[in-house]
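Participant: The UniProt record's numbering puts the last residue of the sequence shown at 546; the count rises by one with no breaks. The C-beta atom is built at its ideal place from N, Cα and C for all residues, glycine as well. Being a predicted model, the structure only gives us computed values, none of them experimental. If you scroll down you'll find the structure; I have some questions about it.
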Amino acid sequence: MLQLELVLMVVLAAASLRCAAINTGGGKWDMLLQNVGISAMHMQLLNNNRVIMFDRTDFGNSNISLSNHRCRTYRNDRGTLTVDCTAHSVEYDIQTNSIRPLMVLTDLWCSSGAVMADGRLVQTGGHHYGDHAVRVFKPCNNGSCDWQENISGLTQRRWYATNHILPDGSQIIIGGRRQFNYEFYPKTGSTTSYSLPFLVQTNDPKIENNLYPFVFLNVDGNLFIFANNRSVLFNYQKNVVVRTYPDVPGGDPRSYPSTGSAVLLPLKITQGDVVEAEVMVCGGAPKGSYISANNSNNFVQALDSCGRIKINEAKPQWVMEKMPMPRVMGDMLLLPNAKVLIINGGSAGTAGWELGRNPVLSPVLYNPDDQVGSRFEVQNPSKIPRMYHSSAILLSDGRVLVGGSNPHVKYKFTGVLFPTELSLESFSPSYLDPRSAYLRPTIISPVTRIKIGYGQKLPIRFWVSGKVNMNLVTVTMVAPSFTTHSFSMNQRLLVLRSEDVKIVGRSKYQIRVVIPGSGNLAPSGYYMIFVVHQEIPSEAIWVQIQ
């Protein structure tokens with residue numbers, strides 16, 4: 001049976017390559033590292049352009065040793081004390097293309113996280129002895145920083161939960177397996193968790209289907225929460241649902257383990273900070289897919305639909321579109337030119353151990369502002385299937401970092417459909433094509449990691465070797481995401497309001513932009529700022545909004 005499935009996979013992959021070759025729109029793949037030692041189940045970019053990656057700690061040795069002969073002792077699922085001298089988290093340095101092993105003690109499998117206003121990655125929950133843990137990583141440049149852990153930092157066990165940064169800079173942690181509630185970090189006197197009945201209402205007792213809910217901060221300060229096939233607008237301060245949205249047409253589930261993906265489409269800031277907020281949900285698995293795959297070895301074709309909804313309209317409705325191909329376990333990323341990249345995943349089955357089939361090797365580019373019917377563009381394919389437990393994030397140079405894929409309880413490299421993947425590669429969208437380099441801006445000033453306040457005006461000077469069309473220069477501000485299980489938590493892109501673009505020297509220009517006026521639009525913290533000319537972004541500088 002396994003041999004037959006391997007043959008079918010090769011045939012289907014070849015068919016996918018042929019299709020992609022006909023419909024490609026561009027993009028370039030590069031192998032960065034063949035072996036980073038772990039399978040990158042979770043990824044987060046930090047403001048020093050280093051990426052934290054990790055998988056799980058309770059499945060045996062990884063392929064990278066801890067430094068300085070360090071080891072950890074843990075009790076496995078059978079209760080046996082086990083010594084492990086390998087790392088299950090690493091730091092990737094983008095500039096040097098190198099890996100540094102990190103020490104993590106508690107199990108952070110299928111956990112969640114967010115970057116706080118001061119730049120620290122605060123990572124929560126996980127499995128077994130890690131389900132109540134809070135882990136903090138403070139970035140550094142000298143190789144001395146590592147995880148700091150509090151094994152009882154949460155009030156409830158959090159496994160498959162979702163985190164989001166709030167306007168005041170704190171973090172909300174929502175749901176998790178058999179947890180129909182939420183709590184906050186840091187704790188401010190109260191250690192209470194709060195009931196969220198919406199998670200009960202969206203729970204399928206057989207397979208749940210409401211894990212890793214899609215959560216976005218609306219421009220009014222409330223939270224848009226999507227689970228299964230339903231969504232609400234939630235006032236977390238008063239613990240009340242203020243709005244219930246229509247179900248997604250068709251009624252099929254989109255959250256884990258049916259595992260579609262979602263983004264809050266780019267927020268375009270206008271005079272007076274008037275902004276339209278629109279959520280887009282794509283892919284997933286039809287009703288019954290998980291049970292069909294798990295119980296009957298029948299892998300149903302994934303969903304090929306996307307839905308968009310303007311969440312602040314008087315009578316919001318889902319507007320449906322069809323993707324070029326079905327996709328489950330895909331990642332949706334906001335690119336600095338305000339387009340959406342859909343990448344990774346398969347076209348049949350669901351998330352879960354061994355339950356996905358037919359890898360989708362070709363990313364798809366989506367332009368939200370084009371006419372319906374012409375918004376999708378198939379990109380050049382990768383050669384590496386990225387199935388269950390893969391991840392992707394946007395880097396400050398405009399590339400997309402892609403890693404992970406391990407549908408197995410342990411690391412397995414032979415005799416399986418989709419071997420454990422330890423490689424790390426990048427996808428460069430077509431805006432990084434060398435033939436367009438003469439149109440690409442380079443930011444001259446300010447220098448990176450500056451501090452700025454709400455509502456302040458920021459002059460940005462940049463250089464372009466070719467002729468600049470002043471009407472086609474914009475500035476975007478992107479919050480880096482914590483990505484796992486096909487959802488990029490805290491991902492946010494704002495198209496900033498600009499006041500003027502002017503020439504300040506030979507091939508040198510200045511644009512003055514206005515930083516958003518409140519934490520509802522942009523929670524305090526670190527953002528990447530890109531200058532975009534004719535849809536081609538510069539390399540970003542980092543700013544810290546306070």
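Which runs of the beta strand (DSSP E) at least 3 residues long sit entirely within the segment 309-363? Give them in chain order.
Facilitator: 319-322, 331-334, 340-343, 346-349, 356-359
Participant: Taking the beta carbon of GLU290 as the centre, do at least 16 other beta carbons fall within 10 Å, making it buried, or is it exposed?
Facilitator: Along the sequence shown, read from residue 1 onward, the residue named residue 290 stands at position 290. A small correction: the amino acid at residue 290 is Tyr; Glu does not occupy that position in the sequence shown. Counting Cβ neighbours within 10 Å, TYR290 comes out buried, since at least 16 surround it.
Participant: Applying the criterion that 16 or more other CB atoms from any shown protein chain within 10 Å of the CB defines a buried residue, is GLU183 buried or exposed?
Facilitator: The residue labelled residue 183 in the question sits at position 183 within the sequence shown. Looking at its Cβ environment, which holds 16 or more other Cβ atoms inside 10 Å, GLU183 is buried.
Participant: What does DSSP give as the partner residues of HIS533 in its beta bridges?
Facilitator: Walking along the sequence shown from the start, residue 533 turns up at place 533. DSSP, once it has assigned bridges, lists VAL473, ILE536 as partnering HIS533.
Participant: Would you mind stating whether ARG375 and TYR366 have Cβ atoms separated by less than 9 Å?
Facilitator: Sequence index remark: in the sequence shown, residue 375 carries index 375 (1-based). Sequence index remark: in the sequence shown, residue 366 carries index 366 (1-based). Yes, they are a contact pair.
Participant: Report the three-state DSSP secondary structure of GLY130 (helix, strand or coil).
Facilitator: Residue mapping note: residue 130 aligns to position 130 of the sequence shown, counting from 1. Of the three classes helix, strand and coil, the one that applies to GLY130 here is helix, per DSSP.
Participant: Which residues mark the beginning and the end of the alpha helix (DSSP H) in which GLN456 is found?
Facilitator: For the purposes of this step, residue 456 is taken as residue 456 along the sequence shown, with counting starting at 1. No alpha helix (DSSP H) holds GLN456; DSSP gives it neither H nor E.
Participant: Per the contact definition of three or more C-beta pairs closer than 8 Å, is the segment 244-260 in contact with the segment 494-502?
Facilitator: no
Participant: Would a C-beta distance cut-off of 9 Å place ILE94 and SER396 closer than the cut-off?
Facilitator: For the purposes of this step, residue 94 is identified with residue 94 of the sequence shown, where counting begins at 1. For the purposes of this step, residue 396 is identified with residue 396 of the sequence shown, where counting begins at 1. Contact: yes.
Participant: May I have the straight-line CA-CA distance separating GLN317 from SER305, to the nearest angstrom?
Facilitator: In the sequence shown, the residue the question calls residue 317 occupies position 317. In the sequence shown, the residue the question calls residue 305 occupies position 305. Their backbone Cα atoms lie some 15 Å apart in a straight line.
Participant: Start and end of the alpha helix (DSSP H) containing LEU199?
Facilitator: Translated into the one-based positions of the sequence shown, residue 199 becomes position 199. Here the alpha helix (DSSP H) through LEU199 covers 197-201.
Participant: According to DSSP, is ASP273 part of a helix, a strand, or is it coil?
Facilitator: If you number the sequence shown from 1, residue 273 lands on position 273. It is helical.
Participant: Where does PRO101 sit, in a helix, a strand or coil, going by DSSP?
Facilitator: As a working note, residue 101 is residue 101 in the sequence shown. DSSP places PRO101 in the strand class (E or B) of the three-state scheme.
Participant: Can you look up ILE151 in the DSSP assignment and give me helix, strand or coil?
Facilitator: Numbered from 1 along the sequence shown, position 151 holds the residue referred to as residue 151. The answer is coil: DSSP assigns ILE151 none of H, G, I, E or B.
Participant: Would you kindly work out how many angstroms separate the C-alpha atoms of SER144 and ARG120, rounded to a whole number?
Facilitator: Within the sequence shown, residue 144 is the residue found at index 144, counting from 1. Within the sequence shown, residue 120 is the residue found at index 120, counting from 1. The alpha-carbon atoms of SER144 and ARG120 are separated by roughly 15 Å.
Participant: Which of the three DSSP states, helix, strand or coil, is assigned to MET207?
Facilitator: Here the question's residue 207 lines up with position 207 in the sequence shown. Looking at the sequence itself, residue 207 is Ile, so the reference to Met does not match. Three-state result, ILE207: coil.
Participant: Kindly give me the distance between the Cβ atoms of ASP204 and ASN229, rounded to whole angstroms, as I take these residues to be in contact under 8 Å.
Facilitator: Position 204 of the sequence shown, counted from the first residue, corresponds to residue 204. Position 229 of the sequence shown, counted from the first residue, corresponds to residue 229. Not quite, the Cβ-Cβ distance comes to about 10 Å (not below 8 Å), so this is no contact.
Participant: Expressed to the nearest angstrom, what Euclidean distance is found between the alpha-carbon atoms of MET41 and SER152?
Facilitator: If you number the sequence shown from 1, residue 41 lands on position 41. If you number the sequence shown from 1, residue 152 lands on position 152. One C-alpha to the other measures close to 23 Å.
Participant: Measure how close the beta-carbons of SER195 and PHE180 come, nearest whole angstrom, since I'm counting them as under 8 Å.
Facilitator: By 1-based counting over the sequence shown, the position of residue 195 is 195. By 1-based counting over the sequence shown, the position of residue 180 is 180. Contact holds; Cβ gap of about 7 Å.
Participant: Per DSSP, which residues does MET53 bridge with? Please list them.
Facilitator: As a working mapping, residue 53 is identified with position 53 in the sequence shown. When beta bridges are read from the DSSP output, MET53 appears opposite MET43, VAL90.
Participant: Report the three-state DSSP secondary structure of LEU264 (helix, strand or coil).
Facilitator: The sequence position of residue 264 within the sequence shown is 264, counting from 1. Strand, per DSSP.
Participant: Under 9 Å, do GLN491 and SER524 count as touching if we go by C-beta distance?
Facilitator: For this step, residue 491 is matched to residue 491 along the sequence shown. For this step, residue 524 is matched to residue 524 along the sequence shown. No, Cβ-Cβ distance for GLN491 and SER524 is not below 9 Å.
Participant: Assess contact between the segment 38-53 and the segment 451-460, defined as three or more Cβ pairs (one per stretch) separated by less than 8 Å. Is contact present?
Facilitator: no
Participant: Could you name the residues that DSSP lists as bridge partners for LEU521?
Facilitator: What you label residue 521 is simply residue 521 of the sequence shown in a count that begins at 1. LEU521 pairs with nothing; no bridge assigned.
Participant: Going by DSSP, which residues form a beta bridge with GLN544?
Facilitator: For the purposes of this step, residue 544 is taken as the residue at position 544 of the sequence shown. LYS451, TYR526, per the DSSP bridge assignment.
Participant: Taking all protein chains shown into account, decide if ILE172 is buried (16 or more other Cβ within 10 angstroms of its Cβ) or exposed.
Facilitator: Sequence index remark: in the sequence shown, residue 172 carries index 172 (1-based). So ILE172 counts as buried.
Participant: Using only the alpha-carbon positions, how far apart do THR106 and ARG75 sit?
Facilitator: On the sequence shown, position 106 is the one that residue 106 refers to. On the sequence shown, position 75 is the one that residue 75 refers to. Cα to Cα, the separation comes out at about 10 Å.
Participant: Return the CA-CA distance between ARG135 and SER390, expressed in angstroms with no decimal places.
Facilitator: By 1-based counting over the sequence shown, the position of residue 135 is 135. By 1-based counting over the sequence shown, the position of residue 390 is 390. The straight-line gap from Cα to Cα measures roughly 21 Å.
Participant: Is it buried or exposed for ARG327, if we count other Cβ within 10 angstroms and need 16 for buried?
Facilitator: Locating residue 327 in the sequence shown gives position 327, counting from the first residue. When all chains shown are included, ARG327 counts as buried.
Participant: How long is the line joining the alpha carbons of MET280 and PHE224, rounded to whole angstroms?
Facilitator: Locating residue 280 in the sequence shown gives position 280, where the first residue counts as 1. Locating residue 224 in the sequence shown gives position 224, where the first residue counts as 1. If you take the alpha carbons of MET280 and PHE224, they lie about 12 Å apart.
Participant: Rounded to whole angstroms, what is the Cα-Cα separation between LEU46 and PRO336?
Facilitator: Against the sequence shown, residue 46 aligns to sequence position 46. Against the sequence shown, residue 336 aligns to sequence position 336. Going from the Cα of LEU46 to the Cα of PRO336 covers about 17 Å.
Participant: By how many angstroms is the C-alpha of ILE393 removed from the C-alpha of ALA114?
Facilitator: If you number the sequence shown from 1, residue 114 lands on position 114. If you number the sequence shown from 1, residue 393 lands on position 393. Each residue's alpha carbon lies about 13 Å from the other.
Participant: DSSP on HIS389, reduced to helix/strand/coil?
Facilitator: To locate residue 389, count along the sequence shown from 1; it is residue 389. In this structure, HIS389 counts as coil in the three-state DSSP scheme.
Participant: Could you give the residue range of the beta strand (DSSP E) that holds ALA114?
Facilitator: As a working mapping, residue 114 is identified with position 114 in the sequence shown. Unbroken beta strand (DSSP E) run through ALA114: 112-115.
Participant: Tell me, to the nearest whole angstrom, how far the beta carbon of ILE342 is from that of ILE443; I am working on the premise that it is less than 8 Å.
Facilitator: Stepping through the sequence shown from its first residue, residue 342 is reached at position 342. Stepping through the sequence shown from its first residue, residue 443 is reached at position 443. Actually they are not in contact, since the Cβ atoms of ILE342 and ILE443 sit about 28 Å apart, beyond 8 Å.
Participant: Closer than 8 Å is the cut-off here; do at least three beta carbon pairs connect the segment 122-130 with the segment 149-163?
Facilitator: With a cut-off of 8 Å, the segment 149-163 and the segment 122-130 count as touching, because enough Cβ pairs lie within range.
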